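A.B. asks:
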Amino acid sequence: MLLDCGEGTQIRIREVGLRGATFDVILISHLHGDHVFGLPGLLSSWTLQGRTKPLTLVGPRGLEAFLCGINAASQGSWSYLVAFRVAEPGVVFENEDVRIAAHPLVHRIEAWGYRVGEVVAPRRVRYEAAVAAGLEHADFRSLQLGRDAVTRGGIPVRNAEVTDPGRPGFQMAYLSDTSYAPALADFAQGVSFLYHESTYLDRHAALAQKTGHSTARQAGQIAQAAGANCLVLGHFSQRYAQLADFATEANEAYSGPVLVGRSGMNPVAERSNQP
Ligand SMILES: [Zn+2]
Ligand SMILES: [Zn+2]
Numbered sequence: 469m470l471l472d473c474g475e476g477t478q479i480r481i482r483e484v485g486l487r488g489a490t491f492d493v494i495l496i497s498h499l500h501g502d503h504v505f506g507l508p509g510l511l512s513s514w515t516l517q518g519r520t521k522p523l524t525l526v527g528p529r530g531l532e533a534f535l536c537g538i539n540a541a542s543q544g545s546w547s548y549l550v551a552f553r554v555a556e557p558g559v560v561f562e563n564e565d566v567r568i569a570a571h572p573l574v575h576r577i578e579a580w581g582y583r584v585g586e587v588v589a590p591r592r593v594r595y596e597a598a599v600a601a602g603l604e605h606a607d608f609r610s611l612q613l614g615r616d617a618v619t620r621g622g623i624p625v626r627n628a629e630v631t632d633p634g635r636p637g638f639q640m641a642y643l644s645d646t647s648y649a650p651a652l653a654d655f656a657q658g659v660s661f662l663y664h665e666s667t668y669l670d671r672h673a674a675l676a677q678k679t680g681h682s683t684a685r686q687a688g689q690i691a692q693a694a695g696a697n698c699l700v701l702g703h704f705s706q707r708y709a710q711l712a713d714f715a716t717e718a719n720e721a722y723s724g725p726v727l728v729g730r731s732g733m734n735p736v737a738e739r740s741n742q743p
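Note that the sequence shown covers residues 469 to 743 in the numbering used here.
1. Measure the Cβ-Cβ separation of L531 and L511 and say whether it is below 8 Å.
2. Which residues share a DSSP beta bridge with W580?
3. Please determine whether the Cβ atom of D472 lies at a distance below 7 Å from any heavy atom of ligand 1.
4. Could you please give the first and the last residue of the uninterrupted alpha helix (DSSP H) stretch that includes F534?
5. Identify the continuous alpha helix (DSSP H) that holds F552 and give its terminal residues.
6. Let me check you understand the geometry: is the CB of H664 closer than 7 Å to at least one non-hydrogen atom of ligand 2?
7. Identify, in the order they occur along the chain, each residue of the same chain with its Cβ nearer than 7 Å to the Cβ of G724, setting aside the five sequence neighbours on each side.
8. Residues with a Cβ closer than 6 Å to any heavy atom of ligand 1, in chain order?
9. Run the proximity test for H503: is its beta-carbon closer than 7 Å to any non-hydrogen atom belonging to ligand 2?
10. Measure the CB-CB distance between R591 and G621 and report whether it falls below 8 Å.
11. Quick one: does the C-beta of H703 sit closer than 7 Å to a heavy atom of ligand 2?
12. What does DSSP give as the partner residue(s) for L510 in the beta ladder?
13. Can you check whether the CB of E738 is closer than 8 Å to the CB of H703?
14. For E586, which residues from the same chain have a beta carbon less than 7 Å from its beta carbon, with the 5 sequence-adjacent residues on both sides left out?
15. I'd like the list of long-range same chain contacts for V618, defined as Cβ closer than 6 Å, with 5 residues on each side in sequence excluded.
16. Identify, in the order they occur along the chain, each residue of the same chain with its Cβ nearer than 6 Å to the Cβ of Q742, setting aside the five sequence neighbours on each side.
17. Using DSSP with H/G/I as helix, E/B as strand and the rest coil, what is D565?
18. In the DSSP output, what is R592 paired with across the bridge?
19. How many whole angstroms separate the CB atoms of H681 and Y668, which I take to be in contact at a CB cut-off of 8 Å?
20. So L613 and V593 are in contact, right, with Cβ under 8 Å, and what is the actual spacing, rounded?
21. Please identify the residue among A676, A715, A694 and V574 whose C-alpha is closest to the C-alpha of S705.
22. Confirm, please, whether the CB-CB distance from H498 to I577 is below 8 Å.
23. Relative to the C-alpha of P721, which residue among T683, A674 and H605 is closest?
The structure is reproduced here in structure tokens:
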């Protein structure tokens, strides 16, 4: 899964070691260039690499016309099927691993926030018990999803005999770009990670309102009202020299940990390194 695709995204994908990864779905928040201008290049690179797996693209109206217009002008095509899905409130994508919902943002053009959740909180496989029961590593994913199993010798194994309840399902929300909108706190209720844009600091709140963006304090207010476990900030205006100020300001409204987003960051790893 990929959330937005600004210029340089394929370079970042390579830098973080995901070059060979097959993304099943790309979610586009809106059609401003900093969120979508990397997409034509990424999709054509996958064609050069011989991708055949179908891809789902979710985004605002106009996304399909944007990409197909480029293909038409350059007489290009993709080596795989692309299914376009126009974002609307509610569930926009679902497979056996994740369920993704969309919610409108408040920006200068049509824009969407996304919430990604694991469909089933994975159960924890008791390795020794599973192996003793005759199961193999290939069976573990199915066990994590709560299913019963059958050994190669045809002996049924009940899920509860070899698994324990797992950690809570991973939930995250991605909200960019948007003005302060209290309804977004309901949409993001209880997530492990909330990414909320904070283009400005509070002293430029009027500018934020005018341009359809948020301040760090407003991002903190949404995170606090949502009860998010961790807030990740990003989309900073280049006018600010000290990005640490964003975390300080967000923490005036939010009591949880705040991470200042940067290129190549792994928020999950960074969060687990914090006290
Ligand atoms: Zn924008
Ligand atoms: Zn933007």
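Virtual Cβ for every residue (Gly too), placed ideally from N, Cα, C.
Quantities reported herein were computed from a predicted structural model and do not represent experimental measurements.
C.D. replies: So, from the listed chains and residues:
1. Looking up residue 531 in the sequence shown gives position 63. Looking up residue 511 in the sequence shown gives position 43. No, these two residues do not count as a Cβ contact at 8 Å.
2. As a first step, residue 580 must be located in the sequence shown, where it is residue number 112. The partner list for W580 (beta bridge, DSSP) reads P572.
3. Taking the sequence shown and counting its residues from 1, the one referred to as residue 472 is at position 4. For ligand 1, not one heavy atom lies less than 7 Å from the Cβ of D472.
4. In the sequence shown, counting from the first residue as 1, residue 534 sits at position 66. Per DSSP, F534 is one residue of the alpha helix (DSSP H) stretching across L531 to S542.
5. Sequence index remark: in the sequence shown, residue 552 carries index 84 (1-based). That residue, F552, is in no alpha helix (DSSP H); its beta strand (DSSP E) goes V550 to V554.
6. Your numbering for residue 664 matches position 196 in the sequence shown. The answer is no for H664.
7. For the purposes of this step, residue 724 is taken as residue 256 along the sequence shown, with counting starting at 1. Result list for G724: A691, A696, N697, C698 and L699, in chain order.
8. These are the residues, in chain order, with a beta carbon less than 6 Å from any non-hydrogen atom of ligand 1: H498, H500, H575 and D645.
9. Locating residue 503 in the sequence shown gives position 35, where the first residue counts as 1. In this structure, H503 has its beta carbon less than 7 Å from a heavy atom of ligand 2.
10. Mapped onto the sequence shown, residue 591 falls at position 123. Mapped onto the sequence shown, residue 621 falls at position 153. Between R591 and G621, the C-beta gap is not smaller than 8 Å, which leaves the two residues out of contact.
11. Position 235 of the sequence shown holds residue 703. Taking the Cβ of H703 as the reference point, at least one heavy atom of ligand 2 falls within a distance shorter than 7 Å.
12. Here residue 510 corresponds to residue number 42 of the sequence shown, with the count starting at 1. According to DSSP, L510 shares a beta bridge with no other residue.
13. Here residue 703 corresponds to residue number 235 of the sequence shown, with the count starting at 1. Here residue 738 corresponds to residue number 270 of the sequence shown, with the count starting at 1. In this structure, H703 sits away from E738, with a CB-CB distance that is not shorter than 8 Å.
14. Locating residue 586 in the sequence shown gives position 118, counting from the first residue. Result list for E586: D565, V566, G637 and F638, in chain order.
15. For this step, residue 618 is matched to residue 150 along the sequence shown. Around V618: P624.
16. Stepping through the sequence shown from its first residue, residue 742 is reached at position 274. Scanning its chain for C-beta atoms nearer than 6 Å, with the 5 sequence neighbours on each side dropped, one finds around Q742 the residues P725, in chain order.
17. What you label residue 565 is simply residue 97 of the sequence shown in a count that begins at 1. Three-state result, D565: coil.
18. Within the sequence shown, residue 592 is the residue found at index 124, counting from 1. DSSP, once it has assigned bridges, lists D632 as partnering R592.
19. As a working mapping, residue 681 is identified with position 213 in the sequence shown. As a working mapping, residue 668 is identified with position 200 in the sequence shown. About 6 Å separates the two Cβ atoms, so the contact holds.
20. Here the question's residue 613 lines up with position 145 in the sequence shown. Here the question's residue 593 lines up with position 125 in the sequence shown. Not a contact, Cβ separation roughly 11 Å.
21. As a first step, residue 705 must be located in the sequence shown, where it is residue number 237. Out of A676, A715, A694 and V574, A676 has the C-alpha closest to the C-alpha of S705.
22. Along the sequence shown, read from residue 1 onward, the residue named residue 577 stands at position 109. Along the sequence shown, read from residue 1 onward, the residue named residue 498 stands at position 30. Inclusion of I577 and H498 in the CB contact set at 8 Å is warranted, their separation being smaller than that value.
23. In the sequence shown, residue 721 corresponds to position 253, counting from 1. First, the amino acid is wrong: residue 721 is Ala here, not Pro. Cα-wise, what sits closest to A721 is T683.
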